[in-house]
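Participant:
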Amino acid sequence: MYGLILAVSFYFFFLSIELLSKGFQLLGSGFANMLIQNTAHPLVGFSTGLLATAIVQSSSSTTSIIVSLIAAGTLNIRNAIPMIMGANIGTTVTNTLVSLAHLKKGKEFEKALQAATVHDFFNLLTAFTFLPLEYFFHPLEKSATFLAELFKNIGGFKAISPLKIILEPFIKLLLNTPIKKYPSLVIVVAIVMLLLSLKYIVESMTKISKKYVDRYLNTIFFKNTRTSFISGLVLTSIVQSSSCTTSLIVPLAAVDLLDLRRIFYYTMGANIGTTITAILAALITKSPSALAIAFTHLLFNVYGVILNTLIYRELPVKIAKFFAKIATKRKVLALLYIIVVFYFVPALIIWIGGRK
């Protein structure tokens, strides 16, 4: 019985994530498009990618706009790369928002926030390292352009997401009603659905035998850091949504079923997995520019994995634990973190850049 409740709860959890993204896209896609078209400086470009993605809650949407602008000749690859870095960070706002559902439950909230923000800090550290390197030496541009030229004629295919197949009918049905005219209402419905589904996920998880759950989670998918990384990569490349796969582990972490170190490796795998389908789709076009952007996204995450495991030595895990501990005592910090990092600071940088 609880297994059925859990399965239905996960369905509505994924549905709420997709619906939330659709709502924000309806509300802010035009604004995001306008933002992306008006950028030149790398820091402004980075902030634009971050803010646009945080608004529409979909790095795929932001990347699609970037690719179309490159194809139209209104944006070049060099200016687009910082925007891709920013988009990589902006997409993580979803799982951080999901963690707020556990706000009233002390230790549970701390675990959930750790799992959510470790993704943020991985992307932030990678971006802060590569943004100046890219500005002076262009390693991503050079390596992505080289790979694009190398693979442009091999062809590709459009991957189909099984998750989207089961979610799309319900979303289309809902968005074919008058509710589509009210994006704010779509967002409210998605948030209510998210909170309710998370409530039942947590309740079901605590009722189901932990030994039974461990058999599948900690002995197969999250047995060690290597299997965690592979699980994140494979699952995200199949589902085609890092927002869904990284948000999925937040309630699991909240009920203490997964440890943060393995979540970190799972997240790094998910970051790479989310770029695979874009590369396959770009291969169909045989466009060097589209391929270069797709490879930029992949290489940024691959270099990030190398950087954070070999040089920073899992520093995002330590930062996430430290931040979550403080934010659990002063919960307003979690809200301020989301507002400042994902919206206020990038908007301020764009505004300052626009005045010059």
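Residue numbers are given in the working numbering: position 115 of the sequence shown equals residue 198, and the series is strictly consecutive.
Backbone N, C-alpha and C define an ideal beta-carbon position, used for all residues, glycine too.
Name the residue from 342, 330 and 267 whose alpha carbon lies nearest to the alpha carbon of residue 300.
Facilitator: The shortest Cα separation from residue 300 among 342, 330 and 267 belongs to 342.
Participant: Could you please give the first and the last residue of the uninterrupted alpha helix (DSSP H) stretch that includes residue 404?
Facilitator: Residues 398-412.
Participant: Could you give the DSSP three-state label for residue 420: helix, strand or coil?
Facilitator: Reduced to three states, the DSSP call for residue 420 is helix.
Participant: Within the chosen definition, does the stretch 211-227 reach the stretch 347-367 through at least 3 CB pairs nearer than 8 Å?
Facilitator: Result no; under three Cβ-Cβ pairs closer than 8 Å.
Participant: Let me confirm a value: residue 156 is counted as buried when at least 16 other C-beta atoms fall within 10 Å, else exposed. Which label applies?
Facilitator: So residue 156 counts as exposed.
Participant: Nearest to residue 204 by alpha carbon, out of 180, 287 and 403?
Facilitator: Taking only the C-alpha atoms, the option nearest residue 204 is 403.
Participant: Is any heavy atom of the ligand GDP found at a distance shorter than 7 Å from the C-beta of residue 89?
Facilitator: No copy of the ligand GDP occurs in the structure displayed, which carries no ligand at all.
Participant: Would the beta-carbon of residue 132 fall within 8 Å of that of residue 145?
Facilitator: In contact: residue 132 and residue 145 (Cβ atoms closer than 8 Å).
Participant: Checking 8 Å against the spacing of the C-beta atoms, do residue 194 and residue 336 come in under that value?
Facilitator: Taking 8 Å as the Cβ cut-off, residue 194 and residue 336 qualify as a contacting pair.
Participant: For the alpha helix (DSSP H) that contains residue 209, what are its first and last residues?
Facilitator: Segment 189-220, the alpha helix (DSSP H) holding residue 209.
Participant: Please confirm whether residue 433 and residue 134 have their CB atoms less than 8 Å apart.
Facilitator: A contact, by the Cβ cut-off of 8 Å.
Participant: Determine the extent of the alpha helix (DSSP H) in which residue 139 is found, giving its start and end residues.
Facilitator: Note, residue 139: alpha helix (DSSP H), 125-139.
Participant: Check whether the Cβ atoms of residue 276 and residue 109 lie closer than 8 Å to each other.
Facilitator: Not closer than 8 Å, so no.
Participant: Would DSSP call residue 142 helix, strand or coil?
Facilitator: Note: residue 142 maps to helix in three-state DSSP.
Participant: To the nearest angstrom, report how far apart residue 396 and residue 247 are at their CA atoms.
Facilitator: Rounded to the nearest angstrom, the two C-alpha atoms are 36 Å apart.
Participant: Buried or exposed: residue 271, going by 16 or more other Cβ atoms within 10 Å of its Cβ?
Facilitator: When all chains shown are included, residue 271 counts as exposed.
Participant: Taking all protein chains shown into account, do 16 or more other C-beta atoms lie within 10 angstroms of the C-beta of residue 267, making it buried, or fewer, making it exposed?
Facilitator: Answer is exposed; the Cβ neighbour count stays below 16.
Participant: Out of 306, 388, 260 and 158, state which residue places its alpha-carbon closest to the alpha-carbon of residue 372.
Facilitator: Selected option, being the one with the closest Cα: 158.
Participant: Does residue 178 come out as helix, strand or coil in the three-state DSSP assignment?
Facilitator: Reduced to three states, the DSSP call for residue 178 is helix.
Participant: Which residue's Cα is closest to the Cα of residue 183: 226, 416 and 235?
Facilitator: When each option's Cα is compared against that of residue 183, the closest is 416.
Participant: Skipping 5 residues on each side, what residues in its chain have a beta carbon closer than 6 Å to that of residue 361?
Facilitator: Contacts found: 377.
Participant: I need the DSSP call for residue 326, collapsed to helix, strand or coil.
Facilitator: Residue 326 falls in the helix class under three-state DSSP.
Participant: Taking the beta carbon of residue 345 as the centre, do at least 16 other beta carbons fall within 10 Å, making it buried, or is it exposed?
Facilitator: Buried is the call here.
Participant: Need the endpoints of the alpha helix (DSSP H) that residue 374 sits in, please.
Facilitator: Unbroken alpha helix (DSSP H) run through residue 374: 371-389.
Participant: Indicate whether residue 319 and residue 325 have their beta-carbon atoms separated by less than 8 Å.
Facilitator: In this structure, residue 325 lies closer than 8 Å to residue 319 by Cβ.
Participant: Which of the three DSSP states is assigned to residue 306 in this structure?
Facilitator: Here residue 306 sits in coil by DSSP.
Participant: Which residue comes first and which comes last in the alpha helix (DSSP H) that contains residue 171?
Facilitator: That run of the alpha helix (DSSP H) goes 160-173.
Participant: State the Cα-Cα distance for the pair residue 176 and residue 263, rounded to the nearest angstrom.
Facilitator: The straight-line gap from Cα to Cα measures roughly 23 Å.
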